Amino acid sequence: MTGRTNTDDFFEMLLRRLITDAVIGGIARGSSRDDRLLLRLRQYDRRARRERLSTQTRQVIASALRLLGEEPQTGRVS
1 MTGRTNTDDF FEMLLRRLIT DAVIGGIARG SSRDDRLLLR LRQYDRRARR
51 ERLSTQTRQV IASALRLLGE EPQTGRVS
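Taken in order, the sequence shown gives residues 1 to 78; the numbers are from UniProt numbering.
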């Protein structure tokens, strides 16, 4: 990808890890519905699309939302 730096890649890797750990931790505690986590994931989803983060990062966010019973939004954010 043109214009992407290793810093961007590292940031996205950390973001994906943070999301994965938060969702797995919530499920392990038996709280599959965490409204604060859902709110954060929706914010990440909007920002990831607006900032044009990688498809992999957006997929991690979408999968996390689905695991928590939410459907990710579709379409572009202007």
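For each residue, glycine too, the CB sits at the ideal point set by N, CA and C. These numbers come from a predicted model, not from an experiment.
Asp45 is positioned such that its CB atom lies no closer than 7 Å to that of Ile27. Just so you know, the alpha carbons of Ile24 and Arg17 end up roughly 10 Å apart. Rounded to the nearest whole angstrom, the C-alpha separation of Ala22 and Glu70 is 15 Å.
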